[in-house]
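I have placed the structure first, in the form of structure tokens, so that the comments after it can refer back to it.
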Amino acid sequence: MEENFGVIVVASILSAAPNSACSVRPHRSTGQRKEAPATMAETMVLKGVMKGHTDMVTAIATPIDNSDMVVSSSRDKSVLVWHLTKDSALSAEGGSSTAYGVPRRRLTGHSHFVQDVVLSSDGQFALSGSWDGELRLWDLSTGATTRRFVGHSKDVLSVAFSVDNRQIVSASRDRAIRLWNTLGECKYTIQDADGHTNWVSCVRFSPNTFVPTIVSASWDRTVKVWNLSNCKLRYTLTGHGGYVNTVAVSPDGSLCASGGKDGVTLLWDLAEGKRLYSLDAGAIVHALCFSPNRYWLCAATQEGIKIWDLESKLVVQDLKPDVTTGKNQVLHCTCMSWSSDGSTLFTGYTDGVIRVWGINRAY
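Per full-length UniProt numbering, the sequence shown starts with residue 1, numbered consecutively.
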């Protein structure tokens with residue numbers, strides 16, 4: 001990212017009163033973000049759905065080149081590679097005209113739930129982690145598994161590629177964080193006195209290549225920041241009142257957000273390991289993601305999807321699909337990912353459906 005996402009937001013946060021709205025606006029010269037006219041309102045509208053999984057969608061990954069391809073993982077033990085048709089002629093949800101994408105290839109091989117999937121930066125490979133305790137590297141051109149990563153003793157809950165695709169990190173219910181090369185060799189295991197004391201639920205690389213960093217979240221109620229060069233602990237971030245499900249890093253690597261059981265999203269300054277402020281999500285937070293080109297943070301919660309503006313700290317939209325469920329059915333969003341241009345939000349649900357939201361601009 002060229003724009004100074006974190007610099008602007010952090011500066012405005014630190015210069016504002018604790019509960020005041022942030023007033024600092026980005027300069028046009030600091031990045032590619034274009035300022036919208038003051039009279040324009042941006043809202044998210046449902047553009048379509050993607051059906052192919054037969055169980056809960058657990059993760060969605062979008063390519064950085066904004067191509068017509070998305071991958072997703074599910075508790076149906078598969079990874080789906082989607083071709084985006086972008087048919088947004090909506091009728092009632094579930095009708096044939098609502099299909100935003102169709103499955104192009106199903107990747108199978110895991111023997112248990114596939115919990116996470118990510119894409120390499122060139123979009124040629126997918127990396128998955130499963131409750132079978134393994135990671136798999138997939139060649140998307142053939143659908144074949146090119147590497148299996150064996151070493152965790154319990155379910156793998158989270159995986160990630162480094163920015164240069166040369167390193168892979170994984171997190172597990174065995175309380176370990178493992179660093180691998182792409183040949184499937186484990187180069188380092190973090191499971192010492194500084195490590196997490198409960199399940200490691202999420203792990204991510206920072207995109208900041210000047211300060212190589214890994215960020216992890218755990219059911220021990222902490223977020224930990226690790227130095228990638230030596231896998232040593234930099235900070236332990238505390239403040240959550242319950243287990244932490246998810247962590248997300250801002251596009252420039254200056255901020256991270258965490259959320260979980262307590263229904264509170266915490267924003268952290270990664271450079272100094274300081275808590276900046278909290279946002280009330282109102283329900284258990286399952287997933288978080290930053291918009292790539294707006295100062296928005298999205299939270300998938302037990303009750304819906306909240307989108308905050310990080311300058312005003314206000315909820316700008318609360319997304320809930322208009323779906324009728326049975327008395328004993330609970331429909332909630334479990335995962336999400338923005339398209340690289342920030343125009344489309346892909347959201348996965350417990351009913352196995354991916355719902356696709358697009359930005360609608362009204363003047």
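Where a beta carbon is used, it is the ideal one built from N, C-alpha and C, also for glycine. Every value quoted in this text rests on a predicted model; they were computed, and no experiment measured them.
Exercise. Could you tell me the boundaries of the beta strand (DSSP E) in which Leu-255 lies?
Key: On the sequence shown, residue 255 is found 255 positions in, with the first residue counted as 1. Start and end: 255-260.
Quiz item: Residue range of the beta strand (DSSP E) that Gln-329 falls in?
Solution: Numbered from its first residue, the sequence shown carries residue 329 at position 329. Taken as a continuous stretch (DSSP letters only), Gln-329 belongs to no beta strand (DSSP E), as it is neither H nor E.
Practice problem: Going by CA-CA distance only, name the one from Ser-153, Val-330, Pro-321 and Arg-75 that's closest to Trp-357. | Solution: In the sequence shown, counting from the first residue as 1, residue 357 sits at position 357. Per the C-alpha coordinates, the member of Ser-153, Val-330, Pro-321 and Arg-75 positioned closest to Trp-357 is Pro-321.
Quiz item: Under 7 Å, do Gly-133 and Asp-116 count as touching if we go by C-beta distance?
Solution: Here residue 133 refers to the residue found at position 133 of the sequence shown. Here residue 116 refers to the residue found at position 116 of the sequence shown. Against a cut-off of 7 Å, the Cβ pair of Asp-116 and Gly-133 comes out as no contact.
Practice problem: Go to Trp-219, then tell me how far its beta strand (DSSP E) extends in each direction, as first and last residue. | Solution: What you label residue 219 is simply residue 219 of the sequence shown in a count that begins at 1. Neither: Trp-219 is in no beta strand (DSSP E) and is coded neither H nor E.
Practice problem: Note down the Cα distance separating Tyr-349 from Arg-178, rounded to an integer number of angstroms. | Solution: As a position in the sequence shown, residue 349 is number 349, starting the count at 1. As a position in the sequence shown, residue 178 is number 178, starting the count at 1. One alpha carbon belongs to Tyr-349, the other to Arg-178, and they sit about 28 Å apart.
Quiz item: Roughly how many whole angstroms lie between the Cα atoms of Asp-318 and Glu-185?
Solution: By one-based count along the sequence shown, residue 318 stands at place 318. By one-based count along the sequence shown, residue 185 stands at place 185. Distance between the alpha carbons of Asp-318 and Glu-185 is about 43 Å.
Practice problem: Measure the alpha-carbon distance for Gly-342 versus Leu-84 and round it to whole angstroms. | Solution: For the purposes of this step, residue 342 is taken as residue 342 along the sequence shown, with counting starting at 1. For the purposes of this step, residue 84 is taken as residue 84 along the sequence shown, with counting starting at 1. Rounded to the nearest angstrom, the two C-alpha atoms are 16 Å apart.
Exercise. Compare the C-beta of Leu-84 against all C-beta atoms of chain D and say whether one is closer than 7 Å.
Key: Considering every chain present, this structure includes no chain D. It has just one protein chain.
Quiz item: Going by alpha carbons, who is nearest to Val-247 out of Thr-265, Gly-241 and His-110?
Solution: What you label residue 247 is simply residue 247 of the sequence shown in a count that begins at 1. Here the closest residue by C-alpha is Thr-265.
Quiz item: Ends of the beta strand (DSSP E) at Ile-307?
Solution: Counting from 1 along the sequence shown, the entry for residue 307 is found at position 307. Residues 305-309.
Quiz item: How would you label Lys-47, buried or exposed, when you count the other beta carbons within 10 angstroms and need 16 or more for buried?
Solution: Sequence index remark: in the sequence shown, residue 47 carries index 47 (1-based). Counting other Cβ atoms within 10 Å of its Cβ, Lys-47 reaches 16 or more and is therefore classed as buried.
Quiz item: What residues are listed by DSSP as bridge partners for Phe-210?
Solution: Locating residue 210 in the sequence shown gives position 210, where the first residue counts as 1. Phe-210 pairs with nothing; no bridge assigned.
Quiz item: Hey, out of Gln-191, Leu-270 and Asp-122, whose CA is closest to residue 364's CA?
Solution: One cannot answer for residue 364 here, as it falls past the ends of the chain, which runs 1 to 363.
Quiz item: Going by other Cβ atoms of all chains shown within 10 Å of its Cβ, with 16 needed for buried, is residue 377 buried or exposed?
Solution: What is shown of the chain runs 1 to 363, which leaves residue 377 out entirely.
Quiz item: Taking the alpha-carbon positions, what's the Gly-52 to Val-353 distance?
Solution: In the sequence shown, the residue the question calls residue 52 occupies position 52. In the sequence shown, the residue the question calls residue 353 occupies position 353. For Gly-52 and Val-353, the distance between alpha carbons rounds to 7 Å.
Quiz item: Looking at C-alpha atoms only, which residue of Ala-99, Val-102, Ser-78 and Trp-131 is the closest neighbour of Thr-108?
Solution: Locating residue 108 in the sequence shown gives position 108, counting from the first residue. If we check each option's Cα against that of Thr-108, Ser-78 comes out closest.
Quiz item: Are Val-118 and Val-159 touching if we call contact CB-CB under 7 Å?
Solution: Position 118 of the sequence shown, counted from the start, is the residue given in the question as residue 118. Position 159 of the sequence shown, counted from the start, is the residue given in the question as residue 159. Yes; because the gap between Cβ atoms is below 7 Å, this pair is in contact.
Practice problem: Please report the Cβ distance between Cys-256 and Ile-190, rounded to the nearest whole angstrom; I am assuming they are in contact, meaning their Cβ atoms lie under 8 Å. | Solution: If you number the sequence shown from 1, residue 256 lands on position 256. If you number the sequence shown from 1, residue 190 lands on position 190. Cys-256 to Ile-190, Cβ: 17 Å. No contact.
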